[in-house]
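Chains as they are written, first to last, in this note's numbering: chain C, 1 to 311; chain U, 1 to 489.
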């Protein structure tokens, strides 16, 4: 496996996952905000979408449809959904020979769908259609990855990218929501709206039903955060994804010793410390804990880069 | 001519004087097959045919069978190579002669290249003028006295063939450096099978899907003797090269690694890839990078695409390059004029394939002829590809003719002239008109030479000049393509 190819596969996994999160976030945030009682809440919803994707936009005089376009289909915007899909597809295209034809075609169709979606339809009536179909395309690409790739290094690097990105986005969504809640608190609109916000987080991650089942109750701040951080059996928890990052790293190099200073040792150390934490440990300053976890994940990315991609 | 079918798709179909219409010519070897084909195709209405056309285009887009240009848009303008659903048919009896001729011609070219880099007997015997060879910019002095494994230089040859109005095939040019287009042959066949599947049942067509296997076998056959199981790679300039689809397709079809220059390095005159587990030795490289960019230590020092030290490893016999550097000496359009003599000289045989008569502008008597008859001739630069720089006398204004005369007089060695060949035409579905019209066509064939191995792809890329009346078929100039069927008889 060439270092350049491993690098491209890692980022292909990341961009695919990233685009899916952004699409889901856009969809859930937007449609849940439509019937909110106060205009400031709708504005806050749009701002959080911009923030999630990473766009700094002066929203004072901006039309809602233009904001949505900037997030979704603006090819000149390097962090738009289209740009994420384009980047992932360029990664895939650069390493086509290490993927199966099925994976390449699925990703290519996803890209063609997003890049040729008519802007006028998107801005006026197409948001649900666009986001639903984009999510379906992602599911197909992931399905093809799961079913048509042999479990070699190419597969492992793809999965590491996916799991790393998923862990990052789970945390970012929680952080974003805590910011939203803080802003909404200032409006003094009541705590039921806060609970609604945690529902939205779970919807963004397709985790609402499972969280309810797990706790036999409606989601609260603490059990949502607990669920999304520490549930080992659920694919959309940080613990699960970090665990799989570690597993795939070990599969890339089965015989390597986990000596102190090695990549596997560093990653194992972070993950195991994470494993044995609970919300009680940090419930007074959840955002701080989330930020610290995010830093650790970025550290892992850096170490992987230094080990395998630098050439 | 065959009768026109009673289909609205053939309304106002026209025949040009002195032009061989491959579909409608009566009593040609392919007539019966075209009769059968037309009766099948015309069961589709125009609307249905248009839908099939669109479906084929969409399938190319979905599979990413595109070529991209980056001049206008940094993200790239990706385009599909226009594709026509009516296939070109070549009966086996006709094809067998072509195939024999291609093997003969390319084998002779191989001997020629070897001779030029060793004893130059053909120059000493004055069969080919020495000044012609020495003035060729593609003569690679670094190849002197070196013999690659298997004594093969032009492993892959893309010989361009046309059919003239006398019904005979002529070689238009030889391409023995980095000929491209074979991936479109395979992609076109796949598209045809999925779009007009029912038509296939009525013909026994030779498959083209064996090409990647033949290519890999050829690569294995020219490995160094010191190696058992050669590590073969395909060297690409990268994802931003317009032919990148072909590079990745071929690598994937052969199951070999696709590498860029920056993935390779040399150590102790061996070539290695940079893998996540450390260096891995490379034995055979199918390089889709021009000679000039191969090795910054030997050729262009500003090349970021190549591998420093590659030529040293090559000369030591530690890695083989497909095609060998320096084959451009046989690609030269002025040398082309001597290929029939080259066939006779090395093989002692009459050339099976005919050349188009060619006039060298750097020979005084021939230059006078060219200047005199410019309005009836086609003038070509000797070392360009992609159809660029071609001047067609009978389509030029008086002013353009004068400009061209000045151009060739400023650099006589840089140009050759040929009579305007009447390229055959083939019925092509024209999108805007919703009907078939005749368009000029040529054939890019693919011949593989290995150590004791010869293979010719059965069919090839039939390229269509889509612009009405145009004779330029290359994709970069708006050409399209058709599937080519060699019918088993």
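Think of the CB as a built atom: it goes at the ideal place given N, C-alpha and C, for glycine as much as any other residue.
Rounded straight-line distance, which links the Cα of residue j to that of residue i
i             : j             : result
residue 459/U : residue 253/U : 19 Å
residue 131/U : residue 413/U : 10 Å
residue 91/U  : residue 38/U  : 16 Å
residue 72/C  : residue 231/C : 31 Å
residue 137/C : residue 104/C : 12 Å
residue 163/U : residue 423/U : 6 Å
residue 341/U : residue 53/U  : 45 Å
residue 97/C  : residue 245/U : 10 Å
residue 135/U : residue 122/U : 16 Å
residue 462/U : residue 241/U : 23 Å
residue 187/U : residue 211/C : 48 Å
residue 224/C : residue 220/U : 59 Å
residue 197/U : residue 241/C : 46 Å
residue 251/C : residue 156/C : 7 Å
residue 94/C  : residue 245/C : 23 Å
residue 233/U : residue 13/C  : 25 Å
residue 299/U : residue 99/C  : 34 Å
residue 281/C : residue 230/U : 58 Å
residue 284/U : residue 222/U : 8 Å
residue 38/C  : residue 229/C : 31 Å
residue 325/C : residue 178/C : With chain C running from 1 to 311 in the structure shown, residue 325/C is simply not present.
residue 213/C : residue 83/U  : 55 Å
residue 18/U  : residue 421/U : 11 Å
residue 189/U : residue 209/U : 9 Å
Status (buried if at least 16 other CB within 10 Å, exposed otherwise) for residue i
i             : result
residue 225/U : exposed
residue 1/U   : exposed
residue 131/C : buried
residue 125/C : exposed
residue 119/C : exposed
residue 266/U : buried
residue 218/C : exposed
residue 411/U : exposed
residue 147/C : exposed
Contact under 8 Å by Cβ, residue i with residue j
i             : j             : result
residue 271/U : residue 318/U : yes
residue 282/U : residue 264/U : yes
residue 361/U : residue 441/U : no
residue 352/U : residue 100/U : yes
residue 67/C  : residue 36/C  : no
residue 426/U : residue 23/U  : yes
residue 419/U : residue 377/U : yes
residue 248/C : residue 169/C : no
residue 112/C : residue 56/U  : no
residue 184/C : residue 41/C  : yes
residue 408/U : residue 472/U : no
residue 294/C : residue 161/C : no
residue 339/U : residue 109/U : yes
residue 48/C  : residue 176/C : yes
residue 79/C  : residue 54/C  : yes
residue 11/U  : residue 435/U : yes
Residues that residue i contacts on chain U, provided the C-beta gap is smaller than 7 Å
i             : result
residue 308/C : 276
residue 154/C : By Cβ distance, chain U contributes nothing, its closest Cβ being about 11 Å from residue 154/C, past 7 Å.
Expected contact under 8 Å - CB spacing of residue i and residue j to nearest Å
i             : j             : result
residue 33/U  : residue 89/U  : 5 Å
residue 153/U : residue 114/U : 6 Å
residue 83/C  : residue 77/C  : 6 Å
residue 102/U : residue 327/U : That belief does not hold up - the Cβ atoms of residue 102/U and residue 327/U are roughly 16 Å apart, past 8 Å.
residue 28/C  : residue 203/C : 5 Å
residue 325/U : residue 142/U : 7 Å
residue 135/C : residue 20/C  : 6 Å
Amino acids of chain C, ordered along the chain, whose beta-carbon sits closer than 7 Å to that of residue i
i             : result
residue 252/U : 96, 97
residue 248/U : 96, 97
residue 258/U : 97
Under 8 Å from the C-beta of residue i: neighbouring residues of chain U
i             : result
residue 86/C  : 75
residue 41/C  : Residues of chain U passing the Cβ test: none, with the nearest at roughly 37 Å.
residue 151/C : Those do not exist, as residue 151/C stays about 16 Å from chain U at its closest Cβ, beyond 8 Å.
residue 90/C  : 239
residue 112/C : 61, 62
Contacts of residue i in chain U (Cβ-Cβ under 9 Å)
i             : result
residue 108/C : 61, 62, 63, 64
Amino acids of chain C, ordered along the chain, whose beta-carbon sits closer than 9 Å to that of residue i
i             : result
residue 310/U : Those do not exist, as residue 310/U stays about 17 Å from chain C at its closest Cβ, beyond 9 Å.
Interface flag, residue i vs chain A, CB-CB below 8 Å
i             : result
residue 191/U : Absent here is chain A; the protein component of the structure consists of chains C and U.
Cross-chain neighbours of residue i in chain C, by beta carbon under 8 Å
i             : result
residue 273/U : 2
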